[in-house]
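Per the working numbering, residue 10 is the first one in the sequence shown, and the count goes up by one each step. Built from N, CA and C at the ideal position, the CB exists for glycine as well. The model shown is predicted, which means the values in this text are computed figures rather than measured ones. Worksheet: the structure to be examined is printed underneath.
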Amino acid sequence: MKSFSLTESQLPFDLDLSLSCGQIFGWKKTRDTWKGVHNGSIVTIRQKGILIEYDGLSQQDVIRFLGLSDPISDIIESIREHIIAYKGSPDRFFETRYSQSRGLRILRQHPWECLVSFICSANSNVSTIGKRINLILGRYGTSCTLFENTFPDPAVLSQCQEPELRECLTGYRAPYLIKTAQYIHEHPDFFHQVRKMEYHQAKDTLMNLPGVGPKVADCVLLFAFEHLNAVPVDIRIRKIIEDKYASLIHTDKSGKLPYDTIGGFCREYFGPYAGYAQQYLFATRDLEKGEVTRSAELP
């Protein structure tokens, strides 16, 4: 395996936390080594202190995939400044959560792989999502080795028969996957166009795809398109915001806060790196193995 040492500006970094905190699926850890699919390649990565060992990608691609170019100290400073500007004092709750999640990075996933993964994620836990994705890869993916496949491209998935795709545990998600694959296949520049859009336009455009509601769109924008202000609001984030921040949210509505109200508040409160802030809140170390979920609302 090839290797490189993390620089001072890339620290702290926690590979295990970054790959297990609900932002990517289908990756497996054996002893100290992670293996999964990224951008059409089978990738192997492990961390030994400040040493990153890897195979399947170039060093530049590993650095980009792992978010190692993100200026973490600047990101945290920005979040803290926006918090103080909003409420006039530091946020002890956020600081506690951040201290439990230091080393986390927002990954830079391939848009198609990320989109398929999060359509598959609706109303599921990480274990089930992983099984679902690996079944899709096994049946329809491009073979790399005897037992390892990468994601099927849109042309392949667009030709799937729904009953067969349901055998991959996709359930009601099967027609969404097929119709979305058909659209992407027919519009090969779709992701390129989305990448040029500002956040709200990009989100609206993604939500035109079958199976993509606001939650899935925000996940794809945050984890594949570098919209670090995107805030996926799942059950866990909703509970945190309603329990800890409800008194700071200015709304005329009572009861359950609307999805967009929570996301809008987070962008005002945490600033342009609200996506990082919500991930620190979400990916705390007190989660039991297998509990993390990115369950999305039904489209």
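Inter-residue Cα distance where the pair is residue i and residue j
| i | j | result |
| --- | --- | --- |
| Gly35 | Tyr254 | 33 Å |
| Leu15 | Tyr181 | 43 Å |
| Gln19 | Glu251 | 33 Å |
| Ile72 | Phe234 | 16 Å |
| Pro219 | Leu60 | 42 Å |
| Gln32 | Gln168 | 28 Å |
| Pro21 | Leu230 | 24 Å |
| Asp70 | His259 | 42 Å |
| Thr302 | Gly97 | Only weak support exists for where Thr302 lies, its pLDDT of 44 falling under 50; the coordinates are left without a value. |
| Phe279 | Glu17 | 25 Å |
| Gln118 | Ser110 | 20 Å |
| Ile271 | Arg247 | 7 Å |
| Trp43 | Gly264 | 42 Å |
| Lys37 | Leu174 | 23 Å |
| Pro308 | Lys205 | Bear in mind that a pLDDT of 34 at Pro308, under 50, signals an unreliable position, so the model cannot answer this. |
| Leu77 | Gln287 | 19 Å |
| Asp100 | Glu277 | 14 Å |
| Phe13 | Arg40 | 20 Å |
| Lys11 | Val221 | 38 Å |
| Phe274 | Asp83 | 21 Å |
| Lys57 | Asn158 | 27 Å |
Delimiting residues of the alpha helix (DSSP H) encompassing residue i
| i | result |
| --- | --- |
| Thr189 | 182 to 195 |
| Gly45 | Unbroken run through Gly45 is the beta strand (DSSP E), 42 to 47; no alpha helix (DSSP H). |
| Thr179 | Taken as a continuous stretch (DSSP letters only), Thr179 belongs to no alpha helix (DSSP H), as it is neither H nor E. |
| Ile249 | 244 to 253 |
| Ser29 | 24 to 29 |
| Gly284 | 283 to 291 |
| His201 | 199 to 204 |
| Val71 | 68 to 74 |
| Ile271 | 268 to 279 |
| Asp213 | 208 to 215 |
| Leu77 | Looking at the DSSP string, Leu77 is not in any alpha helix (DSSP H), and its letter there is neither H nor E. |
| Cys169 | Cys169 -> no alpha helix (DSSP H), and no H or E assigned at all. |
| Ala233 | 223 to 233 |
Endpoints, beta strand (DSSP E) assigned at residue i
| i | result |
| --- | --- |
| Ser14 | 11 to 14 |
| Asp64 | 60 to 64 |
| Ser50 | 50 to 57 |
| Lys38 | 37 to 39 |
Residue i at chain C interface by Cβ criterion, 9 Å
| i | result |
| --- | --- |
| Ser82 | Among the chains of the structure shown, chain C does not appear; only one protein chain is present. |
Expected contact under 8 Å - CB spacing of residue i and residue j to nearest Å
| i | j | result |
| --- | --- | --- |
| Arg106 | Tyr289 | 5 Å |
| Leu178 | Leu144 | 6 Å |
| Ala6 | Glu171 | Residue numbering for the chain in the displayed model covers 10 to 308; residue 6 lies beyond these limits and cannot be assessed. |
| Leu166 | Ile138 | With 8 Å as the limit, Leu166 and Ile138 do not qualify as a contact, their Cβ atoms being about 17 Å apart. |
| Tyr282 | Ser87 | 6 Å |
Notebook entry, point to check: Touching or not, the segment 241 to 249 and the segment 209 to 221, by the rule of three or more beta carbon pairs under 8 Å?
Noted result: Counting Cβ pairs under 8 Å, fewer than three are found: no touch.
Item checked: Every unbroken alpha helix (DSSP H) inside the segment 83 to 162 [4 residues or more] -> 101 to 109, 120 to 129, 135 to 149, all fully within the segment 83 to 162.
Notebook entry, point to check: So does the segment 128 to 147 actually touch the segment 219 to 238, counting three or more Cβ pairs closer than 8 Å?
Noted result: With contact defined as three or more Cβ pairs closer than 8 Å, the segment 128 to 147 and the segment 219 to 238 are in contact.
Checklist line | At least three beta-carbon pairs within less than 8 Å, the segment 18 to 33 to the segment 103 to 115 | finding: With a cut-off of 8 Å on Cβ pairs, the segment 18 to 33 is in contact with the segment 103 to 115, counting three or more such pairs.
Next item on the list: Would you check if the segment 39 to 53 and the segment 117 to 128 touch, i.e. whether three or more CB-CB distances between them fall below 8 Å?
Entry: The segment 117 to 128 is in contact with the segment 39 to 53.
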